[in-house]
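All residue numbers in the sequence shown are consecutive under numbering that gives the first Met the number 0, ending with 278.
Taking it in order: structure first as structure tokens, then the write-up.
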Amino acid sequence: MLQLSKMLNLIKAMGIIALPVILFISQTNETYAHQPFEIIKSPSKKTTIDLSDASVSHAFYGKFESVNEEIIFNLNNFSDNILKFSILIPDRNPEKLLDKKYLPELTLTKISTSKNQNSPNVQNTFKPNITPATYYEPYSQMHLIRVTAHQEILKNNIQVKVTIKSNGPLRYIFSVGSKEIFSSVYASGDTEYFNSSSQREWYWYIENENEDKDQKNLPKKITKPSVQIQNSNSKQLENTRATANTLNSTIVIFSSLILLVVIILIIYYLKYSKKKYED
Numbered sequence: 000m001l002q003l004s005k006m007l008n009l010i011k012a013m014g015i016i017a018l019p020v021i022l023f024i025s026q027t028n029e030t031y032a033h034q035p036f037e038i039i040k041s042p043s044k045k046t047t048i049d050l051s052d053a054s055v056s057h058a059f060y061g062k063f064e065s066v067n068e069e070i071i072f073n074l075n076n077f078s079d080n081i082l083k084f085s086i087l088i089p090d091r092n093p094e095k096l097l098d099k100k101y102l103p104e105l106t107l108t109k110i111s112t113s114k115n116q117n118s119p120n121v122q123n124t125f126k127p128n129i130t131p132a133t134y135y136e137p138y139s140q141m142h143l144i145r146v147t148a149h150q151e152i153l154k155n156n157i158q159v160k161v162t163i164k165s166n167g168p169l170r171y172i173f174s175v176g177s178k179e180i181f182s183s184v185y186a187s188g189d190t191e192y193f194n195s196s197s198q199r200e201w202y203w204y205i206e207n208e209n210e211d212k213d214q215k216n217l218p219k220k221i222t223k224p225s226v227q228i229q230n231s232n233s234k235q236l237e238n239t240r241a242t243a244n245t246l247n248s249t250i251v252i253f254s255s256l257i258l259l260v261v262i263i264l265i266i267y268y269l270k271y272s273k274k275k276y277e278d
């Protein structure tokens with residue numbers, strides 16, 4: 000009886016250890032959730048991107064060159080009726096030094112597709128947050144500033160049109176959705192897939208060292224990021240990415256071993272109990 004009690008305590012202990020590890024992994028994987036795309040400006044018409052399921056997590060990387068530029072996102076469907084989006088900018092020069100009045104604004108238009116003609120369209124404008132939130136995104140290895148964020152539960156038969164308008168040159172990310180799906184492509188229009196190398200090039204913008212520091216709080220022309228990323232930054236980025244991948248692999252292996260041991264102990268306990276009952 001004492002041996003059985005010890006075995007049960009061991010199973011409980013292993014379960015307690017395994018649970019937080021599994022939860023940690025699930026939270027870590029959330030940073031891998033987005034499908035990255037680049038916004039390609041149309042030379043002849045309004046730049047427009049369509050999403051056939053805006054519940055799936057996407058990150059659209061873009062760059063404004065002047066004021067009054069507009070990017071339109073047509074969010075045509077939501078598989079879970081949750082609208083979630085953010086506008087982010089790099090926590091780097093020159094963006095992090097810009098006055099708030101130069102940050103982009105977002106207009107949200109909710110369009111009813113119901114046959115009820117009495118359902119009017121609803122429009123809201125979102126200005127940059129009074130206190131922008133900074134955070135580190137582990138997978139892309141980027142320090143970012145969230146300048147606008149919104150989440151709500153939509154009614155049925157609603158499509159959403161998002162218009163982002165520039166107030167000056169800067170780099171930005173439009174993040175939308177939260178569901179992790181990679182087996183299908185939902186984005187179409189003026190956009191294309193944005194690989195990790197292009198993301199690093201977009202992020203590691205090298206500013207002009209001779210630029211007048213007193214003018215850094217004014218909007219400035221953002222030139223195409225240099226392909227020649229600084230060696231020190233590039234090496235640090237690759238080392239961090241490799242370390243993160245190694246850590247994630249170790250955690251997965253460790254948690255799998257714990258689960259295997261727990262399963263074996265449970266099977267052994269059931270067999271032991273059955274044998275004791277038969278005796």
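Virtual Cβ for every residue (Gly too), placed ideally from N, Cα, C.
Note that the structure is a prediction, hence the values are computed from the model and not measured.
**Request:** With DSSP collapsed to three states, give me the class of SER41.
**Result:** Within the sequence shown, the letter at position 42 stands for residue 41. In this structure, SER41 counts as coil in the three-state DSSP scheme.
**Spatial distance of TYR134 from ARG145 (CA atoms)** = Against the sequence shown, residue 134 aligns to sequence position 135. Against the sequence shown, residue 145 aligns to sequence position 146. Computed Cα separation, rounded: 8 Å.
**Prompt:** SER111: which of GLU104, ASN120 and VAL161 sits nearest, CA to CA?
**Reply:** Within the sequence shown, residue 111 is the residue found at index 112, counting from 1. SER111 has its Cα closest to that of ASN120, out of GLU104, ASN120 and VAL161.
**Message:** When you compare the CB positions of ILE71 and THR162, do they come within less than 8 Å of one another, or not?
**Reply:** Mapped onto the sequence shown, residue 71 falls at position 72. Mapped onto the sequence shown, residue 162 falls at position 163. It is a contact, given that the beta carbons lie within the stated cut-off.
**Message:** Here's the rule: buried if 16 or more other CB atoms are within 10 angstroms of the residue's CB, otherwise exposed. What is ALA132?
**Reply:** As a first step, residue 132 is located in the sequence shown; it is residue number 133 there, counting from the start. By the 10 Å Cβ count, ALA132 comes out exposed.
**Prompt:** In chain order, which continuous runs of the beta strand (DSSP E) of length 3 or greater are located wholly inside the region 46-79?
**Reply:** 46-50, 57-63 and 66-74
**Message:** So, at 8 Å on beta carbons, what are the nonlocal neighbours of PHE181 in its own chain, with the 5 sequence-adjacent residues on each side left out?
**Reply:** Locating residue 181 in the sequence shown gives position 182, where the first residue counts as 1. Same-chain partners within the cutoff: GLN34.
**Request:** Give the straight-line distance between the Cα atoms of LEU256 and PRO103, rounded to the nearest whole angstrom.
**Result:** For the purposes of this step, residue 256 is taken as the residue at position 257 of the sequence shown. For the purposes of this step, residue 103 is taken as the residue at position 104 of the sequence shown. Using only the alpha carbons, I get a separation of about 48 Å.
**Asked** Taking the alpha carbon of TYR101 as the point to measure from, which residue in LYS154, ASN128, GLU37 and ILE266 has its own alpha carbon closest?
**Response** In the sequence shown, residue 101 corresponds to position 102, counting from 1. Closest by alpha carbon: ASN128.
**Request:** Could you name the residues of the same chain whose beta carbon sits closer than 7 Å to that of LYS99, not counting the 5 residues immediately before and after it, in chain order?
**Result:** Indexing the sequence shown from 1 puts residue 99 at position 100. Around LYS99: PRO127.
**Asked** Since ILE48 and THR147 are thought to touch, with beta carbons under 8 Å apart, how far apart are those beta carbons, to the nearest angstrom?
**Response** The sequence position of residue 48 within the sequence shown is 49, counting from 1. The sequence position of residue 147 within the sequence shown is 148, counting from 1. At roughly 17 Å, the Cβ-Cβ gap does not stay under 8 Å, so ILE48 and THR147 are not in contact.
**Message:** Buried or exposed for GLN198, going by 16 or more other Cβ atoms inside 10 Å?
**Reply:** Translated into positions along the sequence shown, residue 198 becomes position 199. It is buried - the Cβ of GLN198 has at least 16 other Cβ atoms within 10 Å.
**Message:** Mapping the DSSP letters down to three states, classify PHE253 as helix, strand or coil.
**Reply:** Translated into positions along the sequence shown, residue 253 becomes position 254. Helix at PHE253.
**Request:** Would you mind sorting ASN166 into buried or exposed? The rule is 16 or more other CB atoms within 10 Å of its CB.
**Result:** Counting from 1 along the sequence shown, the entry for residue 166 is found at position 167. ASN166 should be labelled buried.
**Asked** Can the beta-carbon of ASN75 be found less than 8 Å from the beta-carbon of GLN158?
**Response** The sequence position of residue 75 within the sequence shown is 76, counting from 1. The sequence position of residue 158 within the sequence shown is 159, counting from 1. Yes.
**Prompt:** Among LEU258, TYR185, LEU259 and SER272, which residue has its Cα nearest to the Cα of LYS73?
**Reply:** Translated into the one-based positions of the sequence shown, residue 73 becomes position 74. Going by the sequence as given, residue 73 is Asn instead of Lys. Nearest option by C-alpha distance: TYR185.
**Item:** Selected residue, minimal CA-CA separation from HIS149, among SER113, GLU68, GLU94 and PHE173
**Value:** As a first step, residue 149 is located in the sequence shown; it is residue number 150 there, counting from the start. Out of SER113, GLU68, GLU94 and PHE173, PHE173 has the C-alpha closest to the C-alpha of HIS149.
**Item:** Beta-carbon proximity list for LEU169, same chain, < 8 Å, skipping 5 on both sides
**Value:** Walking along the sequence shown from the start, residue 169 turns up at place 170. Cβ neighbours of LEU169 beyond the five flanking positions: LYS62, PHE63, ILE88, PRO93, GLU94, LEU97, TYR101, LEU102, PRO103, PRO218 and ILE221.
**Message:** Just list the residues that DSSP pairs HIS149 with in beta bridges.
**Reply:** Taking the sequence shown and counting its residues from 1, one reaches residue 149 at position 150. Paired residue(s): PHE84.
**Message:** DSSP three-state label for GLU94, please.
**Reply:** Here residue 94 refers to the residue found at position 95 when the sequence shown is read from its first residue. DSSP places GLU94 in helix when its eight states are reduced to three.
**Message:** Can you give me the C-alpha to C-alpha distance between GLN26 and VAL175, rounded to a whole angstrom?
**Reply:** As a working mapping, residue 26 is identified with position 27 in the sequence shown. As a working mapping, residue 175 is identified with position 176 in the sequence shown. The predicted model places GLN26 with a pLDDT of 42, which falls under 50 and marks its position as unreliable; any figure quoted below should be read in that light. Cα to Cα, the separation comes out at about 18 Å.
**Asked** Buried or exposed: THR124, going by 16 or more other Cβ atoms within 10 Å of its Cβ?
**Response** Here residue 124 refers to the residue found at position 125 of the sequence shown. Looking at its Cβ environment, which holds fewer than 16 other Cβ atoms inside 10 Å, THR124 is exposed.
**Same chain, Cβ closer than 6 Å to TYR60, neighbours up to 5 away in sequence not counted** = Taking the sequence shown and counting its residues from 1, one reaches residue 60 at position 61. Closer than 6 Å at the Cβ level, and outside the excluded window around TYR60, lie GLU37, ILE172, PHE193 and TRP201.
**Request:** Would you kindly work out how many angstroms separate the C-alpha atoms of PHE23 and ILE266, rounded to a whole number?
**Result:** Locating residue 23 in the sequence shown gives position 24, where the first residue counts as 1. Locating residue 266 in the sequence shown gives position 267, where the first residue counts as 1. Confidence in PHE23 is poor, its pLDDT being 47 and thus under 50, which makes the residue's placement too unreliable to answer from.
**Request:** Would you mind sorting TYR138 into buried or exposed? The rule is 16 or more other CB atoms within 10 Å of its CB.
**Result:** Sequence index remark: in the sequence shown, residue 138 carries index 139 (1-based). So TYR138 counts as buried.
**ASN123 - partner residues in DSSP beta bridges** = Translated into the one-based positions of the sequence shown, residue 123 becomes position 124. Its beta-bridge partners are LEU107.
**Asked** Rounded C-beta distance between SER78 and SER56? I'm assuming under 8 Å.
**Response** Taking the first residue of the sequence shown as 1, we reach residue 78 at position 79. Taking the first residue of the sequence shown as 1, we reach residue 56 at position 57. That pair is no contact at about 12 Å.
**Asked** Mapping DSSP to helix, strand and coil, what is GLN140?
**Response** Sequence index remark: in the sequence shown, residue 140 carries index 141 (1-based). In this structure, GLN140 counts as coil in the three-state DSSP scheme.
**Prompt:** Smallest Cα separation from ARG91: which of HIS142, THR46, THR108 and PHE84?
**Reply:** Position 92 of the sequence shown, counted from the start, is the residue given in the question as residue 91. Cα-wise, what sits closest to ARG91 is HIS142.
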